[in-house]
Every structure is written in C-alpha cells, then in structure tokens.
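One structure is given here, and the rest of the page talks about it.
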Amino acid sequence: NAGVTQTPKFRVLKTGQSMTLLCAQDMNHEYMYWYRQDPGMGLRLIHYSVGEGTTAKGEVPDGYNVSRLKKQNFLLGLESAAPSQTSVYFCASSPIFSTDTQYFGPGTRLTVL
Amino acid sequence: GENVEQHPSTLSVQEGDSAVIKCTYSDSASNYFPWYKQELGKRPQLIIDIRSNVGEKKDQRIAVTLNKTAKHFSLHITETQPEDSAVYFCAATSPGVGNTPLVFGKGTRLSVIA
C-alpha cells in the first residue's frame, strides 16, 4: 500500500496563477483533510470531506476550493495564488472522523512569489 | 469552537532526561486527544492518543495524562534519546452529533542534546 500520496512535492507560483494539488489514498478511508503548516502556527485545517461528493470548510478556507469526485482522491485548488498562501500543505485521511489515526501524506511545499 | 494551547513552544533536554509537553483545551465536551510527532522534513505521525474515559496511557517511554476537570493533557517522554528530537503536536476533538474536526496545538520543538 502506498498510503497517502500527494502531487506535486514542490511548486513555485507567481501571484495570480492557479494550481491544483492532488491527494490520493489507497486505504479506502471515508474521511479526508487538507491542512496547511506555517512556522509557529501548527497544522490548520483548510477543508475536509466526510465522503465522496462532500466537502466542508475548516478553520482557514478562504482562497481555496476542494473537490472529492472519487473516494480515493481529494483535490485542493488555488484559483488566484497570493504570497500569503506560501506554505507546506498536508493531506490526510482517516477511517473514522476525527477520533482515530489520521494518516498524512508527505506534503507539498508551495511558494508564491 | 475548540481552542488548543500548547506549551512550551521549544524544549531542550539532555539525553536521558525526561521531557513534558502540556496542552490545554477549551471545549469540555472534547473526548479524544492524540499526539503527533513530526521529524524534520517528514509528515506528522500519531504516536499516542487518549480518550476521556482514561486518565493515563503508556507506551514504552511515552505516556499521556489527562485531567478533564482542569481541561489539560500532557505528553511525557522518559529516558529521551536523540531520535526523539522532533516537533510534537497535541490535538483535541469533540465527536458525536455535529462532531468537529481535530484542532491542533501550535507544536513544541523538542531537541535532545547528546
């Protein structure tokens, strides 16, 4: 099993450009999450999904959109990137919502110039 | 919503000494408290968790204690080793009807000095 994978691993964008981050899991988990990690800020939840076709806002959703068209994939989109979105993005999945182990992907380091 | 405060933000200990990281939470309904370890450049990984019906849980050199009355929980690492150097995150959540996602603390960077 590959577990949770993320593509790309690194990306540099110019302000105003758009991109999509892909998260894939092969553990048949119902729940998936997108976090951003900034120095001294911990892990902050952007959006999450409680099942195929569902999405919900987390703590810091502004400037991001998500889609869960297939159970194994969770996409995070930036429509118009801003320097404030420079961060490391982690995807995670879990078999039970919140009260069980979350399995994290390796992360995507995004720089917006 | 839930708010989790974590202290200290950085901690340095000598190899072999103990390390303690403390977290407080705001929602008295929260009943699941995991701890994640993130080594440099790696992904966070669960190392131990505790539920509110238990006051203490141990796994070899690590233990977590929970005080529901005071709304705080702590991670204890004994006989620290260089490989314990990492950032540790606590988290809390309140499951059930209308359950909420995990809320993480801001992390503690632990350095074990050989």
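Residue numbers (the numbering used here), protein chains in the order written: chain C, 1 to 113; chain A, 1001 to 1114.
All C-beta atoms in this analysis are idealised placements derived from N, C-alpha and C, irrespective of residue type, glycine included.
Suppose contacts are defined by Cβ-Cβ distances below 7 angstroms. Is residue i in contact with residue j by that definition?
i       : j       : result
A:E1015 : A:A1091 : no
C:L43   : C:T108  : no
A:T1010 : A:R1109 : yes
A:F1089 : A:F1033 : no
A:L1046 : C:T99   : no
C:R36   : C:S94   : no
C:D38   : C:A2    : no
C:V60   : C:L76   : no
A:H1076 : A:A1086 : no
A:S1111 : A:A1029 : no
C:M19   : C:L113  : no
A:N1003 : A:S1026 : yes
C:I46   : C:Y31   : no
Just to confirm the assignment, what range does the beta strand (DSSP E) spanning residue i have?
i       : result
A:A1114 : Taken as a continuous stretch (DSSP letters only), A:A1114 belongs to no beta strand (DSSP E), as it is neither H nor E.
C:G58   : Taken as a continuous stretch (DSSP letters only), C:G58 belongs to no beta strand (DSSP E), as it is neither H nor E.
A:I1077 : H1072 to I1077
C:D38   : Y31 to D38
C:S93   : S87 to S94
A:E1005 : V1004 to H1007
C:F74   : N73 to L78
C:M41   : Neither: C:M41 is in no beta strand (DSSP E) and is coded neither H nor E.
A:A1092 : A1086 to A1092
Could you tell me which chain C residues have their CB closer than 7 angstroms to the CB of residue i, listed as they occur along the chain?
i       : result
A:K1106 : G40, M41 and G42
A:F1089 : G42 and L43
For residue i, go through chain A and note every residue whose CB falls closer than 7 angstroms to its CB, in chain order.
i      : result
C:T55  : Within 7 angstroms Cβ-Cβ: nothing; C:T55 doesn't reach chain A, min ~12 angstroms.
C:E86  : Inspection of the sequence shows that residue 86 of chain C is occupied by Thr rather than by Glu. Residues of chain A passing the Cβ test: none, with the nearest at roughly 17 angstroms.
C:G107 : R1043
Under the rule that 16 or more other beta-carbon atoms within 10 Å means buried, what is residue i, buried or exposed?
i       : result
C:T131  : Since the displayed chain C opens at 1 and closes at 113, residue 131 of chain C lies outside it and no answer follows.
A:S1012 : exposed
C:M41   : exposed
A:Q1060 : exposed
C:L69   : exposed
A:D1084 : buried
C:G105  : buried
A:F1104 : buried
C:S49   : buried
A:V1054 : exposed
A:P1008 : exposed
A:K1042 : exposed
C:V4    : buried
C:F74   : buried
A:A1070 : exposed
A:Q1081 : exposed
A:K1037 : buried
C:A82   : exposed
If the cut is a Cβ gap below 8 angstroms, which residues of chain A does residue i touch?
i     : result
C:F74 : Chain A residues near C:F74: none, gap ~14 angstroms exceeds 8 angstroms.
C:F90 : R1043 and P1044
Using a Cβ cut-off of 8 angstroms, pull out every chain C residue sitting near residue i, in sequence order please.
i       : result
A:P1101 : Y33, L45, Y48, G58, F97 and S98
A:T1093 : S98 and T99
Does the beta-carbon of residue i, which I'm using as the reference point, lie nearer than 6 angstroms to any heavy atom of the ligand ADP?
i       : result
A:E1056 : The ligand content of the structure shown is nil, which means the ligand ADP is not present either.
Run down chain C in chain order and give the residues with a C-beta less than 9 angstroms from the C-beta of residue i.
i       : result
A:T1078 : Residues of chain C passing the Cβ test: none, with the nearest at roughly 23 angstroms.
A:Y1032 : S98, T99 and D100
If the cut is a Cβ gap below 9 angstroms, which residues of chain A does residue i touch?
i     : result
C:F10 : Within chain A, no residue comes near C:F10; the closest Cβ sits about 12 angstroms away, beyond 9 angstroms.
Length at least 3, wholly inside the stretch 1012-1050 of chain A: the beta strand (DSSP E) runs in chain order: Within the stretch 1012-1050 of chain A, the runs of beta strand (DSSP E) at least 3 residues long that lie entirely inside it are, in chain order, 1019-1025 and 1032-1038.
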